[in-house]
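Trainee: For the sequence shown, my numbering gives the first residue as 300, with consecutive numbering after it. All C-beta atoms in this analysis are idealised placements derived from N, C-alpha and C, irrespective of residue type, glycine included. The structure displayed is predicted, hence computed values, not measured ones. Questions regarding the structure given below will be posed in turn.
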Amino acid sequence: MSEETKPDLSAFMPEGWEGKLPPCMIQVDVEGRMSHDGAPMVHPGIIELIYESVYYEDGLYFLKVGQQRCQLEVADTFHVIQRAWFDDDGVMIHVSDGSQERLDPATLRLGDEGVLYCAIKNGAFPARFLRQAYYQLTERLVEDGDGYAIEIAGRRWRLA
Numbered sequence: 300m301s302e303e304t305k306p307d308l309s310a311f312m313p314e315g316w317e318g319k320l321p322p323c324m325i326q327v328d329v330e331g332r333m334s335h336d337g338a339p340m341v342h343p344g345i346i347e348l349i350y351e352s353v354y355y356e357d358g359l360y361f362l363k364v365g366q367q368r369c370q371l372e373v374a375d376t377f378h379v380i381q382r383a384w385f386d387d388d389g390v391m392i393h394v395s396d397g398s399q400e401r402l403d404p405a406t407l408r409l410g411d412e413g414v415l416y417c418a419i420k421n422g423a424f425p426a427r428f429l430r431q432a433y434y435q436l437t438e439r440l441v442e443d444g445d446g447y448a449i450e451i452a453g454r455r456w457r458l459a
């Protein structure tokens with residue numbers, strides 16, 4: 300779409316809003332809890348629709364439902380890792396949208412204040428480990444030179 304044919308969305312932008320699209324008025328806190336204008340979102344159908352409709356682009360989160368698009372207000376990551384467990388092949392993780400997938404240990408990284416992150420959904424999204432999942436994963440934490448690594452399926456994965 301050229302600049303000339305882009306719709307003027309300025310009427311939908313709250314004063315001071317600096318996002319690319321109008322805000323959805325949906326907030327996601329660091330624990331992955333969703334709210335709308337500060338009120339907790341609890342309707343399972345709406346939450347499922349949001350999980351199915353979210354996409355990540357240039358470090359921002361957006362919803363696209365039909366032809367409507369808006370920007371989410373996300374405190375850290377949209378998805379969070381709620382649980383992690385070891386099996387013979389590596390680590391399985393339970394994601395906030397209810398899905399389970401195998402952790403790609405090559406995507407593990409330490410953020411500010413020791414917060415652990417990984418990539419999920421075939422690398423499409425970053426995800427933050429919640430405290431419980433963090434401790435479950437770090438059961439296999441080992442010192443590795445001047446840092447730490449996690450042993451997964453017989454291999455050490457250095458945390459950077």
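Is DSSP giving A405 helix, strand or coil here?
Mentor: Residue 405 sits at position 106 when you count from the first residue of the sequence shown. The DSSP-derived three-state label of A405 is helix.
Trainee: Would Q381 and A432 be called neighbours here (beta carbons separated by less than 8 Å)?
Mentor: As a first step, residue 381 is located in the sequence shown; it is residue number 82 there, counting from the start. As a first step, residue 432 is located in the sequence shown; it is residue number 133 there, counting from the start. Contact flag set, yes.
Trainee: For the putative contact between A383 and L402, defined by C-beta atoms under 8 Å, what is the C-beta separation to the nearest angstrom?
Mentor: Translated into positions along the sequence shown, residue 383 becomes position 84. Translated into positions along the sequence shown, residue 402 becomes position 103. Rounded, the Cβ-Cβ distance is 7 Å, consistent with contact.
Trainee: Please classify I392 as buried or exposed, where buried requires at least 16 other C-beta atoms within 10 Å of its C-beta.
Mentor: Within the sequence shown, residue 392 is the residue found at index 93, counting from 1. Its Cβ being crowded by 16 or more others within 10 Å, I392 is buried.
Trainee: My parser needs the alpha helix (DSSP H) runs of 4 or more residues fully inside the segment 321 to 396; what are they?
Mentor: 343 to 352
Trainee: Do C369 and C417 have their C-beta atoms closer together than 8 Å?
Mentor: The count along the sequence shown starts at 1 and reaches residue 369 at position 70. The count along the sequence shown starts at 1 and reaches residue 417 at position 118. No.
Trainee: Which value, in whole angstroms, describes the spacing of the CA atoms of G344 and D443?
Mentor: On the sequence shown, residue 344 is found 45 positions in, with the first residue counted as 1. On the sequence shown, residue 443 is found 144 positions in, with the first residue counted as 1. When rounded, the distance between both Cα atoms is 45 Å.
Trainee: Taking all protein chains shown into account, do 16 or more other C-beta atoms lie within 10 angstroms of the C-beta of P339, making it buried, or fewer, making it exposed?
Mentor: Locating residue 339 in the sequence shown gives position 40, where the first residue counts as 1. With fewer than 16 Cβ atoms within 10 Å of its Cβ, P339 is classed as exposed.
Trainee: Please identify the residue among I349, A374 and E351 whose C-alpha is closest to the C-alpha of L359.
Mentor: Counting from one through the sequence shown, the residue named residue 359 turns up at place 60. Selected option, being the one with the closest Cα: A374.
Trainee: I need the boundaries of the alpha helix (DSSP H) containing A432, first residue and last residue.
Mentor: For the purposes of this step, residue 432 is identified with residue 133 of the sequence shown, where counting begins at 1. The continuous alpha helix (DSSP H) containing A432 extends over residues R430 to L436.
Trainee: To the nearest angstrom, how far is the alpha carbon of E450 from that of L436?
Mentor: Within the sequence shown, residue 450 is the residue found at index 151, counting from 1. Within the sequence shown, residue 436 is the residue found at index 137, counting from 1. Those two C-alpha atoms are separated by around 9 Å.
Trainee: What is the DSSP secondary structure of G446, counted as helix, strand or coil?
Mentor: Locating residue 446 in the sequence shown gives position 147, where the first residue counts as 1. Of the three classes helix, strand and coil, the one that applies to G446 here is strand, per DSSP.
Trainee: Please determine, among Y355, V379, D328 and G389, the residue with the shortest C-alpha to C-alpha distance to F428.
Mentor: As a first step, residue 428 must be located in the sequence shown, where it is residue number 129. Looking at the Cα atoms, V379 is the closest of the given residues.
Trainee: For the beta strand (DSSP E) that contains R457, what are its first and last residues?
Mentor: For this step, residue 457 is matched to residue 158 along the sequence shown. From DSSP, the beta strand (DSSP E) with R457 extends over R454 to R457.
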